[in-house]
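Undergrad: Got a structure for you, written out below as structure tokens; questions coming shortly.
Protein chains: 2
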Amino acid sequence: MTQTPAAPRTARERARAELTREIVASARRHLEAEGAAGLSLRAVARDLGLVSSAVYRYFPSRDELLTRLIIEAYDGLGDAVDAAEGVVARQDLLGRWMAVANGARDWALEHPQEWALIYGSPVPGYAAPQATIAPGTRVAVTLITILADGVAEGIEPVTVPVPSAVTAGMMRLRELVPAIVTDSHLIAGLMARTQLLGHISLELDGQYNNSIDDLDSFFDHVMRRTADTLGLG
Amino acid sequence: MTQTPAAPRTARERARAELTREIVASARRHLEAEGAAGLSLRAVARDLGLVSSAVYRYFPSRDELLTRLIIEAYDGLGDAVDAAEGVVARQDLLGRWMAVANGARDWALEHPQEWALIYGSPVPGYAAPQATIAPGTRVAVTLITILADGVAEGIEPVTVPVPSAVTAGMMRLRELVPAIVTDSHLIAGLMARTQLLGHISLELDGQYNNSIDDLDSFFDHVMRRTADTLGLG
DNA sequence: TCGTGTCAAGAGCACCGCTCACAAACAGGG
DNA sequence: CCCTGTTTGTGAGCGGTGCTCTTGACACGA
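So the protein lines, in turn, are chains A and B.
Residues in the first sequence are numbered from 4 upward in steps of one, following the numbering used here.
Residues in the second sequence are numbered from 4 upward in steps of one, following the numbering used here.
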């Protein structure tokens with residue numbers, strides 16, 4: 004993903020890279036155990052046998068460390084989704100969509116705190132820096148690719164007229180997407196993504212706790228219905 | 004909502020109720036200004052000219068204060084949604100749905116921190132207490148009511164076969180919903196709710212920041228398409 | 001009027017993010 | 001090889017946090 008700066012030459016650089024990795028690893032352990040707000044630089048320092056101020060040689064602030072974890076979380080999710088989608092035959096569009104959906108949900112259930120970090124409420128007074136927006140779009144990109152492949156093959160997502168105000172507001176998005184994918188298709192894809200991410204967040208929040216028992220089959224069913232609206236299958 | 008315990012008789016009780024209200028009010032101001040993690044009991048105490056420990060006479064912990072704010076947020080959202088939906092003619096089902104959608108979004112945009120508190124990632128090590136689950140279902144209840152009214156009037160939401168595993172897992176939910184609303188209808192309603200809540204959360208998270216400009220008309224369009232799947236309008 | 005129970009106060013504990021002056025360890029050039 | 005400049009870890013310290021506990025003042029009811 005991010006270009007690793009060649010090979011560390013000197014022992015110092017080597018040690019620095021190593022310690023940086025260890026700090027991030029410890030931070031992720033704390034994140035998974037206690038959540039974002041429970042992540043403390045001092046605890047990480049203790050883990051590594053350092054004094055707290057030493058960590059500031061590697062990350063200028065707790066927020067920088069959080070940013071690193073956010074980027075890694077986006078990439079972890081993106082990798083998991085792409086891996087799941089990659090093993091499905093290219094022409095099996097429904098299979099690819101379901102692989103994306105299940106891949107995302109499985110990753111979320113395994114890494115709830117990381118999910119909360121990227122799709123949950125923003126950490127107080129933390130503004131997502133530029134570096135996080137590119138990895139943040141990976142799932143959407145994968146999804147739109149499936150949709151574009153499908154349209155090229157002749158599937159027909161439900162199509163409705165799109166008001167001109169909406170079309171006008173989507174210009175920046177249009178340029179990133181193949182022309183065969185119409186605005187109506189594109190919106191259907193965004194809605195499918197909302198359905199996917201929304202469901203996972205609600206499930207992690209426990210919003211189905213006292214109403215739905217078999218969340219696996221419920222999710223499967225909901226995602227298949229969503230696929231229908233995309234004309235897949 | 005919550006039964007206020009009659010009238011405070013003695014001056015002591017009166018003062019206690021008054022101070023409790025002031026604490027909550029100050030806490031909500033801090034929540035709106037700095038977010039959930041920026042909410043500190045000591046700051047609230049300073050606001051009210053109290054010493055920090057005095058606040059513990061009224062709320063046994065910061066979490067209890069947060070719980071109070073969560074309940075009030077759910078009720079604030081519920082009130083806003085119900086108020087918006089209440090002024091629309093009963094038989095105008097699409098109008099009622101759009102009122103709910105816009106009511107929820109408007110409230111969220113006005114109270115982003117409160118929204119994050121109830122639909123964002125759970126605060127670290129904070130487990131939603133029993134008292135929060137009832138007010139947490141108000142939007143869903145309003146939605147299902149519209150759907151039930153519609154089905155009674157003869158609308159026909161898109162209907163698909165529901166696998167038996169899904170049906171079996173929904174028994175607890177079934178008992179709360181009129182029988183005319185089939186499982187397929189009910190799931191369509193839940194999916195509409197997911198679309199609504201998911202969209203709002205993504206918008207607040209800034210996930211549309213560099214792609215969609217006119218979020219008002221985009222939201223309107225998406226919600227109308229969602230209404231289509233419910234057979235409204 | 002007097003006893004009881006409630007109250008705010010304040011000191012204190014352990015934690016947090018972060019800064020800074022200092023000394024040790026290191027890398028590279030003369 | 002040694003000298004110089006940079007990098008690194010240390011430890012003290014500042015102001016903040018949630019929370020506990022003791023203490024003394026006060027108001028209420030009998």
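Each residue gets a CB set at the ideal place from its N, CA and C atoms; glycine is no exception.
Would you kindly work out how many angstroms separate the C-alpha atoms of N212(B) and E88(A), rounded to a whole number?
TA: By one-based count along the second sequence, residue 212(B) stands at place 209. By one-based count along the first sequence, residue 88(A) stands at place 85. Their Cα atoms are separated by approximately 27 Å.
Undergrad: When you compare the CB positions of L96(B) and I136(B), do they come within less than 8 Å of one another, or not?
TA: Your numbering for residue 96(B) matches position 93 in the second sequence. Your numbering for residue 136(B) matches position 133 in the second sequence. Against a cut-off of 8 Å, the Cβ pair of I136(B) and L96(B) comes out as no contact.
Undergrad: Report yes or no: is there a C-beta of chain A within less than 8 Å of the C-beta of N105(B)?
TA: One-based indexing of the second sequence puts residue 105(B) at position 102. Chain A contact via Cβ: absent.
Undergrad: For a test of the three-state rule: what should DSSP assign to M174(B), helix, strand or coil?
TA: By 1-based counting over the second sequence, the position of residue 174(B) is 171. Of the three classes helix, strand and coil, the one that applies to M174(B) here is helix, per DSSP.
Undergrad: To the nearest angstrom, how far is it from the Cα of L69(A) to the Cα of I121(B)?
TA: Counting from one through the first sequence, the residue named residue 69(A) turns up at place 66. Counting from one through the second sequence, the residue named residue 121(B) turns up at place 118. Going from the Cα of L69(A) to the Cα of I121(B) covers about 22 Å.
Undergrad: Do you know offhand how far T185(A)'s Cα is from R71(A)'s?
TA: As a first step, residue 185(A) must be located in the first sequence, where it is residue number 182. As a first step, residue 71(A) must be located in the first sequence, where it is residue number 68. Each residue's Cα considered, the two are about 36 Å apart.
Undergrad: Check whether the Cβ of V47(A) lies closer than 8 Å to any Cβ atom in chain B.
TA: Position 44 of the first sequence, counting from 1, holds the residue named residue 47(A). No, its Cβ sits nowhere closer than 8 Å to a Cβ of chain B.
Undergrad: Measure the Cβ-Cβ separation of L233(A) and A191(A) and say whether it is below 8 Å.
TA: Counted from its first residue, the first sequence places residue 233(A) at position 230. Counted from its first residue, the first sequence places residue 191(A) at position 188. Result yes, Cβ atoms of L233(A) and A191(A) sit closer than 8 Å.
Undergrad: Under the three-state reduction of DSSP, which class applies to R49(B): helix, strand or coil?
TA: Here residue 49(B) refers to the residue found at position 46 when the second sequence is read from its first residue. Here R49(B) sits in helix by DSSP.
Undergrad: For the alpha helix (DSSP H) that N105(B) lies in, which residues bound it at each end?
TA: To locate residue 105(B), count along the second sequence from 1; it is residue 102. From DSSP, the alpha helix (DSSP H) with N105(B) extends over L96 to E113.
Undergrad: With a threshold of 8 Å on Cβ separation, who are the neighbours of V207(B) within its own chain once the five nearest residues in sequence on each side are excluded?
TA: Reading the second sequence from its first residue, position 204 is the one you call residue 207(B). Per the sequence shown, residue 207(B) should be read as Leu rather than Val. Around L207(B): A111, L112, P115, W118 and A119.
Undergrad: Do you know how far the Cα of A92(B) is from the Cα of P8(B)?
TA: Taking the second sequence and counting its residues from 1, one reaches residue 8(B) at position 5. Taking the second sequence and counting its residues from 1, one reaches residue 92(B) at position 89. Low confidence applies here, because P8(B) scores a pLDDT of 44, under 50, leaving its location unreliable; read the following figure in that light. Each residue's alpha carbon lies about 36 Å from the other.
Undergrad: Report the three-state DSSP secondary structure of T7(A) (helix, strand or coil).
TA: Position 4 of the first sequence, counted from the start, is the residue given in the question as residue 7(A). Because T7(A) carries a pLDDT of 44, less than 50, the predicted location of this residue cannot be relied on, and the following value inherits that uncertainty. Coil, per DSSP.
Undergrad: Could you check if S64(A) is buried or exposed, using at least 16 other CB atoms within 10 Å of its CB as the buried criterion?
TA: As a working mapping, residue 64(A) is identified with position 61 in the first sequence. Its Cβ having fewer than 16 others within 10 Å, S64(A) is exposed.
Undergrad: Quick one: Cα of V144(B) to Cα of H202(B), how far?
TA: By one-based count along the second sequence, residue 144(B) stands at place 141. By one-based count along the second sequence, residue 202(B) stands at place 199. Roughly 19 Å between the two C-alpha positions.
Undergrad: Taking only beta-carbon positions, decide if R141(B) is within less than 8 Å of chain A.
TA: Within the second sequence, the letter at position 138 stands for residue 141(B). By this cut-off, R141(B) is not an interface position.
Undergrad: Compare the C-alpha of P164(B) against each of R24(A), V154(A) and F221(A) and name the closest.
TA: Taking the second sequence and counting its residues from 1, one reaches residue 164(B) at position 161. It is F221(A) whose Cα lies nearest to the Cα of P164(B).
Undergrad: Of the choices S124(B), D152(B) and T197(B), whose alpha-carbon is the least far from that of A39(A)?
TA: As a first step, residue 39(A) must be located in the first sequence, where it is residue number 36. Minimum Cα distance to A39(A) is reached at S124(B).
Undergrad: Identify, in the order they occur along the chain, each residue of the same chain with its Cβ nearer than 7 Å to the Cβ of N257(A), setting aside the five sequence neighbours on each side.
TA: Any question about residue 257(A) goes unanswered here, given that chain A covers just 4 to 236.
Undergrad: Please determine, among L176(A), T140(A) and F62(A), the residue with the shortest C-alpha to C-alpha distance to D82(A).
TA: Reading the first sequence from its first residue, position 79 is the one you call residue 82(A). If we check each option's Cα against that of D82(A), T140(A) comes out closest.
Undergrad: How close, in whole Å, do the beta carbons of W100(B) and I149(B) come, if the pair is a contact with beta carbons under 8 Å?
TA: As a working note, residue 100(B) is residue 97 in the second sequence. As a working note, residue 149(B) is residue 146 in the second sequence. With a Cβ gap of about 6 Å, W100(B) and I149(B) count as contacting.
Undergrad: Less than 8 Å between the C-beta atoms of D78(A) and P138(A), yes or no?
TA: As a first step, residue 78(A) is located in the first sequence; it is residue number 75 there, counting from the start. As a first step, residue 138(A) is located in the first sequence; it is residue number 135 there, counting from the start. Cβ atoms of D78(A) and P138(A): closer than 8 Å.
Undergrad: Any beta carbon of chain B sitting closer than 8 Å to that of H224(A)?
TA: Working through the first sequence from its first residue, we reach residue 224(A) at position 221. For H224(A), the answer is yes, since a Cβ of chain B falls inside 8 Å of its Cβ.
Undergrad: CB D231(B) to CB G172(A), shorter than 8 Å?
TA: Counting from 1 along the second sequence, the entry for residue 231(B) is found at position 228. Counting from 1 along the first sequence, the entry for residue 172(A) is found at position 169. No; because the gap between Cβ atoms is not below 8 Å, this pair is not in contact.
Undergrad: With 8 Å set as the bound, which would you pick, yes or no: does the beta-carbon of Y122(B) sit closer than that to a beta-carbon of chain A?
TA: Your numbering for residue 122(B) matches position 119 in the second sequence. So yes, Y122(B) belongs to the interface.
Undergrad: Taking CB distances under 8 Å as the criterion, tell me whether I26(A) reaches chain B.
TA: Your numbering for residue 26(A) matches position 23 in the first sequence. No, no contact with chain B.
Undergrad: Assign L42(B) to one of three DSSP states: helix, strand, or coil.
TA: Indexing the second sequence from 1 puts residue 42(B) at position 39. Three-state result, L42(B): coil.
Undergrad: In whole angstroms, what separates the C-alpha of G153(A) from that of Y59(A)?
TA: For the purposes of this step, residue 153(A) is identified with residue 150 of the first sequence, where counting begins at 1. For the purposes of this step, residue 59(A) is identified with residue 56 of the first sequence, where counting begins at 1. Roughly 49 Å between the two C-alpha positions.
Undergrad: Here's the rule I'm using: 16 or more other beta-carbon atoms within 10 Å means buried, otherwise exposed. How should A28(A) be labelled?
TA: Here the question's residue 28(A) lines up with position 25 in the first sequence. Exposed.
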